[in-house]
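What follows is a set of notes on a single structure, which appears directly below.
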Amino acid sequence: MSAIRRLASRLLGAAVRHSSSKSQEWVRAMLSELDYMESDWAALFWALGSARAIFKYSVPRQLHTWLGTRSNEEEGMLKHMRRTAAGTLAGIGIAVGVLVAAFGLVRLLLVIFPAPTLKGVESVQMLAVIVVPETIFVVAAVALWRKRRPMAVGLVLSAVTLVAHIVVHLTTH
Amino acid sequence: MKLRLSPQTLQVLDAFLQAPKDWIYGYDISRNTGLKSGTLYPILMRLAERKLLETSWETAEVGRPPRHMYRLTPEGMRFAKEHHLQPATRRPARVAFGGVNS
Chain A
1 MSAIRRLASR
11 LLGAAVRHSS
21 SKSQEWVRAM
31 LSELDYMESD
41 WAALFWALGS
51 ARAIFKYSVP
61 RQLHTWLGTR
71 SNEEEGMLKH
81 MRRTAAGTLA
91 GIGIAVGVLV
101 AAFGLVRLLL
111 VIFPAPTLKG
121 VESVQMLAVI
131 VVPETIFVVA
141 AVALWRKRRP
151 MAVGLVLSAV
161 TLVAHIVVHL
171 TTH
Chain B
174 MKLRLSPQTL
184 QVLDAFLQAP
194 KDWIYGYDIS
204 RNTGLKSGTL
214 YPILMRLAER
224 KLLETSWETA
234 EVGRPPRHMY
244 RLTPEGMRFA
254 KEHHLQPATR
264 RPARVAFGGV
274 NS
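So the sequence lines, in the order shown, correspond to chains A and B. Just so we're aligned, residue 1 is where the first sequence starts under the working numbering, counting upward by one. Just so we're aligned, residue 174 is where the second sequence starts under the working numbering, counting upward by one.
Here it is as structure tokens:
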């Protein structure tokens, strides 16, 4: 047996060893054909093509099996994580929406009813943009804690961020 | 499951139709259709998966490994006849089929 034919045979032999039980029959079929080929180079190209065929056949099935196995064990967890993330983001989104609405409302009121002093304006702004939204966040978070915890967490996170922002603002100014 | 009918698949089906009752070796199909093993075997695997092709191991000659043989099932035969290649698109056979009579 020439070196080229030996190489072809070894290549398919390795494919037989590493292929799944389902594809093994096919790899053996391709391997057995090698002995009936006259040309060594034809045998080598046959082996290379066969290895490609087995790869094309086995990899998607292996992947499918792997994903299938994973879906039973981890799909539930992934779904839960996706739901939690979506809930938290929704909570943060609602909080941001409330803050933007409050800020816009205060600005609009100031345009319609101009304030006489700057001190008065600051107090209204503090009340409308900080105190009222913070109260809403806390009340909503408590109400939602049992049934929609991720959303409540999003609201709490927003409330904490707002408080932290105020603290930083007051200490630096 | 639907079978993707590529020109190569049609070529393989057409090759089987040339000797419908004979068992054919993979290498002979390859020589007859001009398809490389990397193209031919995935087609054979898909056909077998869909029960359009039956496979069998030939009893071995002394000192040689047994060979895998293929033949269309009755369902595969019907399918092949339905999708028979037009003569103009058929590839001329290079060598005579080394089919094994059943």
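Ideal placement from N, C-alpha and C gives every residue a C-beta, glycine not left out.
Spatial neighbours of residue i in its chain, beta-carbon cut-off 8 Å, leaving aside the 5 residues before and after
{"i": "ILE130/A", "result": "LEU162, ILE166"}
{"i": "VAL142/A", "result": "ALA152"}
{"i": "LEU178/B", "result": "HIS256"}
Contact set between residue i and chain A, taken where Cβ atoms lie within less than 7 Å
{"i": "ARG223/B", "result": "Within chain A, no residue comes near ARG223/B; the closest Cβ sits about 14 Å away, beyond 7 Å."}
{"i": "ARG237/B", "result": "ASP35"}
Amino acids of chain B, ordered along the chain, whose beta-carbon sits closer than 8 Å to that of residue i
{"i": "SER50/A", "result": "SER210, GLY211, TYR214"}
Close-in-space but distant-in-sequence residues of the same chain around residue i (CB under 7 Å, 5 per side omitted)
{"i": "ALA188/B", "result": "ILE202, ASN205, THR206"}
{"i": "VAL106/A", "result": "VAL124, GLN125, ALA128, VAL129"}
{"i": "ALA269/B", "result": "Because the pLDDT at ALA269/B is just 44, under 50, the model does not fix this residue reliably, and the point stays unresolved."}
{"i": "ALA3/A", "result": "none"}
{"i": "SER19/A", "result": "VAL27, ILE54, SER58"}
Short Cβ contact (8 Å threshold) for residue i with residue j
{"i": "GLU227/B", "j": "THR246/B", "result": "yes"}
{"i": "GLU34/A", "j": "ALA15/A", "result": "In the sequence under discussion, the amino acid at residue 34/A is Leu, which differs from the Glu named in the question. Result no, Cβ atoms of LEU34/A and ALA15/A do not sit closer than 8 Å."}
{"i": "ALA53/A", "j": "GLY154/A", "result": "no"}
{"i": "TYR210/B", "j": "TRP46/A", "result": "The amino acid occupying residue 210/B in the given sequence is Ser; Tyr does not appear at that position. Their beta carbons are under 8 Å apart, which means SER210/B touches TRP46/A by this criterion."}
{"i": "VAL132/A", "j": "ALA102/A", "result": "yes"}
{"i": "LEU31/A", "j": "LEU44/A", "result": "no"}
{"i": "LEU157/A", "j": "MET151/A", "result": "no"}
{"i": "ARG148/A", "j": "GLY87/A", "result": "yes"}
{"i": "ASN253/B", "j": "LEU186/B", "result": "Looking at the sequence itself, residue 253/B is Ala, so the reference to Asn does not match. Taking 8 Å as the Cβ cut-off, ALA253/B and LEU186/B qualify as a contacting pair."}
Nonlocal neighbours in the same chain, by C-beta distance under 6 Å from residue i, ignoring five residues either side
{"i": "GLU231/B", "result": "PRO239, ARG240, MET242"}
{"i": "VAL96/A", "result": "none"}
{"i": "THR182/B", "result": "ILE216"}
{"i": "ALA140/A", "result": "LEU155"}
Chain A contact residues for residue i, given Cβ-Cβ distances below 9 Å
{"i": "ARG240/B", "result": "ALA29, SER32, GLU33, ASP35, TYR36"}
{"i": "GLY207/B", "result": "Result: empty, since nearest Cβ-Cβ is about 13 Å, beyond 9 Å."}
Chain-ordered neighbours of residue i on chain B, where CB pairs are closer than 7 Å
{"i": "ALA53/A", "result": "SER210, GLY211, TYR214, PRO215"}
{"i": "TRP46/A", "result": "SER210"}
{"i": "TRP26/A", "result": "TYR214, MET218"}
{"i": "LYS79/A", "result": "The premise fails here: LYS79/A is roughly 28 Å from chain B at the closest Cβ pair, so nothing lies under 7 Å."}
| field | contact_flag[the stretch 81-89 of chain A, the stretch 48-62 of chain A] where n(CB pairs < 8 Å) is 3 or more | value | As far as the Cβ criterion goes, the stretch 81-89 of chain A does not touch the stretch 48-62 of chain A, which means the pair count is below three.
| task | Taking a Cβ distance cut-off of 9 Å, strictly less, list which residues of the stretch 244-260 of chain B are near chain A, in chain order. | result | Hits within the stretch: zero.
| said: Residues of the stretch 134-151 of chain A in Cβ contact with chain B at a cutoff of 9 Å, in chain order, please. | reply: Listed by position along the chain: nothing, the set is empty.
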